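Undergrad: One structure, pasted below without further comment.
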Amino acid sequence: ILQNILSNALRYTRSGGVLVGTRHRGDTIRIDVADTGCGIPDDQREAVFEEFHRGTIPTDAGLAGAGLGLGLAIVRRIAAALGHPVTFSSKVGHGTIFHIDVPVGIGASVDAIASSADME
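The working numbering puts the first residue of the sequence shown at 21, with every later residue one more than the last.
In C-alpha cells, the structure reads:
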C-alpha cells in the first residue's frame with residue numbers, strides 16, 4: 021500500500037517534497053503521505069482508484085507521467101481486504117495527503133495466534 025502511494029507522490033511532485041508521518045488516534049494508527057505535487061482535481065476523486073486511470077498532469081508541471089494506472093486501484097483493494105480505510109485530501113496546485121488508518125493491536129493478535137500454534 022505504502023509503496024504505491026509513495027511512488028505516486030514522488031512521480032507527481034516536481035518541487036517541494038514528500039513527507040510520511042504517523043500518529044496514534046485512539047485505537048487507530050494513521051499513516052499520512054503528504055506531497056507538494058500537482059494535486060488531484062475534485063472531479064477525479066473516485067476515478068484515481070479505477071484500474072488503468074492515470075492522473076492528468078498539467079502541461080506546465082514539468083512532470084512526465086509513467087505507470088499503468090493500477091497503483092491506487094491495487095491500494096484500494098488491498099486496503100479494503102485488510103480493513104484499512106484509505107482516504108485523501110487534495111488541492112490542485114498544492115498537493116495531496118493520503119491517509120491510511122490501521123487498527124492498533126493487529127500485531128498482538130497475530131503474535132497470540134502464532135504463540136498458540138507453537139504450543140500445539
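Using N, Cα and C, we set each Cβ at its ideal position, and we do this for glycine too. Just so we're clear, the structure is a prediction, and the values are computed from it rather than from any experiment.
May I ask you to verify whether the stretch 45 to 65 touches the stretch 110 to 125, counting CB pairs closer than 8 Å and requiring at least 3?
TA: yes
Undergrad: Once the 5 residues before and after D121 are set aside, which same chain residues still bring their CB inside 7 Å of it?
TA: Cβ neighbours of D121 beyond the five flanking positions: T48, R50, H104 and P105.
Undergrad: Roughly how far, in whole angstroms, is the beta-carbon of N24 from the beta-carbon of G91, given that I think they are within contact range, below 8 Å?
TA: 4 Å
Undergrad: Could you name the residues of the same chain whose beta carbon sits closer than 6 Å to that of F118, not counting the 5 residues immediately before and after it, in chain order?
TA: I25, V53 and F108
Undergrad: Is it buried or exposed, V124, if we count other Cβ atoms within 10 angstroms and call 16 or more buried?
TA: exposed
Undergrad: May I have the straight-line CA-CA distance separating G89 from L102, to the nearest angstrom?
TA: C-alpha separation (whole angstroms): 22 Å.
Undergrad: Among residues of its own chain, excluding the 5 on either side of M139, which ones have a beta-carbon nearer than 7 Å to its beta-carbon?
TA: Annotation note: pLDDT 49 at M139 (below 50); position unreliable, coordinate value reported separately. Closer than 7 Å at the Cβ level, and outside the excluded window around M139, lies no residue.
Undergrad: Let me check understanding here. Comparing Cα to Cα, which of V68, S27 and R43 lies closest to G37?
TA: S27
Undergrad: Taking the C-alpha atoms as reference points, what is the distance between R31 and H44?
TA: 28 Å
Undergrad: Starting from the Cα of H73, find the closest Cα among D62, A93 and P61 and give me that residue.
TA: A93
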